[in-house]
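*Asks:*
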Amino acid sequence: MKKLGACGVSLVLIGCGAEYVDAPQPPVDELAAAEPEVALVVTPMDSLHGHLAYEETDAPLADAGRYRDTGRVVQLRAEAAASFRAMQRAAREAGVNITPISGFRTKRYQDGLFSRAIGKYGSTESAARWVAPPGYSEHHSGLALDIGDADRPETDVETAFEDTPAFRWLAKNARRFEFELSFPKGNPQGVSYEPWHWRYTGLPDAPWAAP
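Just so you know, we're using this note's numbering here: the sequence shown kicks off at 3 and counts up by one.
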């Protein structure tokens, strides 16, 4: 796994009358400054638009399930796949049906997703609020998983997923299976809220593991 590098420091000058134009959805809070000020921004050197860098895992991958009726197999590192399967069984016993949407992704596959996002949102920076650039996706690690509600396909990879029984169950129980939400509201990376995106924390070599 790639280790996080040192931090770089950049100065951002925010002046009166400055205007920032972003993608039309979702709306971005407007910032206004009565007086010019200098803001100190500290970001990891190996990050891009808030996303941290990740190498493609070379660890063995395992079947974590199929994405609905598409026949597409969702793969994760073996430990994460086993834990997800156990979590899925526990949810089913509680009357909740969670389903895998997307697991391991190559950089090449991510490049296609990101290119389409640029076309939709108009710039690399705006696209990166919703899709990680290739080389900067947690999915490369084989330990990140998009999860959906099997009974609510219309909420797949949508913020509306937070209103489903699947999300409510995950919010209460996912930590028992060593999964955590990667990008909660107000996350320090500045990535848009993704209630469907979870990552496995049960391995000491996970890139987000505490040192």
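Here a beta-carbon is modelled for each residue, glycine too, at the ideal position from N, C-alpha and C.
Is R94 near the ligand FMN, judged by its Cβ being under 6 Å from some heavy atom?
*Replies:* Of ligands this structure carries none, so the ligand FMN is not represented either.
*Asks:* Would you list, in sequence order, the uninterrupted beta strand (DSSP E) runs of no fewer than 3 residues that lie entirely inside the region 33–114?
*Replies:* Counting whole runs of 3 or more residues, the region 33–114 contains the beta strand (DSSP E) stretches 39–46, 63–68, 75–79, 100–104.
*Asks:* With burial defined as no fewer than 16 other Cβ atoms inside 10 Å of the residue's Cβ, what is the status of E156: buried or exposed?
*Replies:* Counting from one through the sequence shown, the residue named residue 156 turns up at place 154. Looking at its Cβ environment, which holds fewer than 16 other Cβ atoms inside 10 Å, E156 is exposed.
*Asks:* Nearest CA to the CA of W198: which residue from P206, A173, A84?
*Replies:* Here residue 198 is taken as the residue at index 196 of the sequence shown, counted from 1. Per the Cα distances, A173.
*Asks:* My assumption, with CB atoms under 8 Å, is that L147 sits in contact with A208. Please give the rounded CB distance.
*Replies:* Taking the sequence shown and counting its residues from 1, one reaches residue 147 at position 145. Taking the sequence shown and counting its residues from 1, one reaches residue 208 at position 206. The pair is not a contact, with the Cβ atoms about 13 Å apart (cut-off 8 Å).
*Asks:* Looking only at its own chain, which residues have a Cβ that is under 8 Å from the Cβ of R87, when we skip the five neighbours before and after it?
*Replies:* On the sequence shown, position 85 is the one that residue 87 refers to. Closer than 8 Å at Cβ, skipping near neighbours: A66, G67.
*Asks:* Tell me E182's beta-bridge partners as DSSP assigns them.
*Replies:* Here the question's residue 182 lines up with position 180 in the sequence shown. Answer is R201, bridged to E182.
*Asks:* Between which two residues does the beta strand (DSSP E) harbouring L145 extend?
*Replies:* What you label residue 145 is simply residue 143 of the sequence shown in a count that begins at 1. Segment: none, L145 is in no beta strand (DSSP E) and carries neither H nor E.
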